Amino acid sequence: MCRKFYLFLVLVLSATTLTFAQSKKETKKLYANEQKKNEVVNKQVAKKATKEARKEAKKLAKLGYIVPIGKIAMDKQLERAWRMQYELTENGTQKYIVATSNAVAGNQNAAKLQATNMAKLELVGQMESQLAQMIETRVANQEMSPADAETITSMVSTSKTIISGKLGQVIPVVEVYRQLPTGNFESQVSLGYDANEAFKITRDAIRDDLSKKADGLAEKLDQMIN
């Protein structure tokens, strides 16, 4: 009896090991295929970025925009912005968040500063929109209650300025300006930020307050962002 049971146990363990090895192999294969697919997408994006950037640079030049001294050519700046907006990570997720804003002021530096601050808020706004979509999906799948969803969404919305201040070193992607007939200066700024890092900063900025609102809310936010 013991011998039969031993043989049965060996067979079960062997089958389990084989199944696990096959599963692991299939997972690796799927991941490799996904990586290859994302590499192809990124190459296609890079190719199209050059074409789109040249068209956009011509439009801006006709409107009187120029590049500040020391900055790279306008079409190269726009090409980088275009690529960053559509570049994917190895896992197929958005790699960067890119936001653009314009501002008018009495001098070039003041216009640039205002446009930069507004672009930072726009970055947070984009994160808020993406988080809202994640939350809607979780509510639809009954992984989160409507009440919890509303609390998290409201917390992110009211914390935009705080989150914006915590972004730290953003990536300056585009900086162009023009002088208006009034004598004022209009600056256009595009900023980029690592998407994963941006969501972590958003989570950390509101996590403590969420913990005070209700038990488990912070953990639900962690699961969603991770």
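End of the sequence shown sits at 227 in the working numbering; the numbers just go up one at a time, nothing left out.
Note that beta-carbon positions come from the ideal geometry of N, C-alpha and C, so glycine has one too.
In this text, all values refer to a predicted model and were calculated from it rather than measured experimentally.
Taking just the CA atoms, how far does I172 sit from L222?
-> For the purposes of this step, residue 222 is taken as the residue at position 221 of the sequence shown. For the purposes of this step, residue 172 is taken as the residue at position 171 of the sequence shown. So the two alpha carbons sit approximately 26 Å from each other.
CB of I293 within 8 Å of CB of A206, strictly | What is shown of the chain runs 2 to 227, which leaves residue 293 out entirely.
Limits of the unbroken alpha helix (DSSP H) element including S191 = Position 190 of the sequence shown holds residue 191. It is not in any alpha helix (DSSP H) - S191 instead sits in the beta strand (DSSP E) that spans F186 to D195.
Report the rounded CA-to-CA distance for T51 versus D76, giving the unit in angstroms.
-> Counting from 1 along the sequence shown, the entry for residue 51 is found at position 50. Counting from 1 along the sequence shown, the entry for residue 76 is found at position 75. Rounded to whole angstroms, T51 to D76 spans 8 Å at the Cα level.
Within the same chain, show all residues whose beta-carbon is closer than 7 Å to that of L12, passing over the 5 residues directly before and after it, in chain order.
-> Locating residue 12 in the sequence shown gives position 11, where the first residue counts as 1. Only weak support exists for where L12 lies, its pLDDT of 49 falling under 50; the coordinates are left without a value.
How is the alpha helix (DSSP H) around V175 delimited, first residue to last?
-> As a first step, residue 175 must be located in the sequence shown, where it is residue number 174. It is not in any alpha helix (DSSP H) - V175 instead sits in the beta strand (DSSP E) that spans I172 to Q180.
Looking only at its own chain, which residues have a Cβ that is under 6 Å from the Cβ of F200, when we skip the five neighbours before and after it?
-> Position 199 of the sequence shown holds residue 200. Excluding sequence neighbours, F200 sits near I226.
What residue ranges within the region 87-171 form continuous alpha helix (DSSP H) runs of no fewer than 4 residues, ordered along the chain?
-> As summarised for the region 87-171, the continuous alpha helix (DSSP H) elements at least 4 residues long and confined to that stretch are 109-141, 147-159 and 161-167, given in chain order.
Look at the alpha carbon of Q127 and the alpha carbon of Q86, and state the distance between them as a whole number of angstroms.
-> Sequence index remark: in the sequence shown, residue 127 carries index 126 (1-based). Sequence index remark: in the sequence shown, residue 86 carries index 85 (1-based). Their backbone Cα atoms lie some 12 Å apart in a straight line.
Beta-ladder partner(s) of I67, from DSSP | Stepping through the sequence shown from its first residue, residue 67 is reached at position 66. I67 pairs with Y178.
Please list, in chain order, all residues of the same chain as L8 whose beta carbon is under 6 Å from its beta carbon, the five residues on each side excluded.
-> Position 7 of the sequence shown, counted from the first residue, corresponds to residue 8. Residue confidence for L8 is low, a pLDDT of 49 falling below 50, so the modelled location carries little weight; the figure read from the coordinates is stated next. Around L8: no qualifying Cβ.
Do you know offhand how far Q131's Cα is from V125's?
-> Locating residue 131 in the sequence shown gives position 130, where the first residue counts as 1. Locating residue 125 in the sequence shown gives position 124, where the first residue counts as 1. The alpha-carbon atoms of Q131 and V125 are separated by roughly 10 Å.
For L10, does the three-state DSSP call read helix, strand or coil?
-> For the purposes of this step, residue 10 is taken as the residue at position 9 of the sequence shown. Bear in mind that a pLDDT of 42 at L10, under 50, signals an unreliable position, so the number given afterwards is only what the model happens to contain. DSSP places L10 in helix when its eight states are reduced to three.
Within the same chain, show all residues whose beta-carbon is closer than 7 Å to that of L79, passing over the 5 residues directly before and after it, in chain order.
-> Against the sequence shown, residue 79 aligns to sequence position 78. Excluding the 5 residues flanking it on each side, L79 has same chain C-beta neighbours closer than 7 Å at A54, E57, A58 and V175, in chain order.
Alpha-carbon spacing of T138 relative to A62, whole angstroms = Taking the sequence shown and counting its residues from 1, one reaches residue 138 at position 137. Taking the sequence shown and counting its residues from 1, one reaches residue 62 at position 61. T138 and A62: Cα-Cα distance of roughly 42 Å.
Presumed contact (8 Å Cβ cut-off) between L192 and A120, rounded CB distance = By 1-based counting over the sequence shown, the position of residue 192 is 191. By 1-based counting over the sequence shown, the position of residue 120 is 119. With 8 Å as the limit, L192 and A120 qualify as a contact, their Cβ atoms being about 5 Å apart.
Identify whether I202 lies in helix, strand or coil by the three-state DSSP scheme.
-> For the purposes of this step, residue 202 is identified with residue 201 of the sequence shown, where counting begins at 1. If DSSP states are grouped into helix, strand and coil, I202 belongs with the helices.
Under three-state DSSP, which class holds T183?
-> The sequence position of residue 183 within the sequence shown is 182, counting from 1. DSSP places T183 in coil when its eight states are reduced to three.
Residue environment, T159, which counts as buried when at least 16 other CB atoms sit within 10 Å | Here residue 159 refers to the residue found at position 158 when the sequence shown is read from its first residue. Looking at its Cβ environment, which holds fewer than 16 other Cβ atoms inside 10 Å, T159 is exposed.
Quick one: using the 10 Å Cβ neighbour count with 16 as the cut-off for buried, is A116 buried or exposed?
-> Sequence index remark: in the sequence shown, residue 116 carries index 115 (1-based). Buried: at least 16 other Cβ atoms inside 10 Å.
By DSSP, does A74 sit in helix, in strand, or in coil?
-> Here residue 74 corresponds to residue number 73 of the sequence shown, with the count starting at 1. Of the three classes helix, strand and coil, the one that applies to A74 here is coil, per DSSP.
Given a cut-off of 8 Å, decide if I98 and A196 are closer than it, judged by their beta-carbon atoms.
-> Numbered from 1 along the sequence shown, position 195 holds the residue referred to as residue 196. Numbered from 1 along the sequence shown, position 97 holds the residue referred to as residue 98. In contact: A196 and I98 (Cβ atoms closer than 8 Å).
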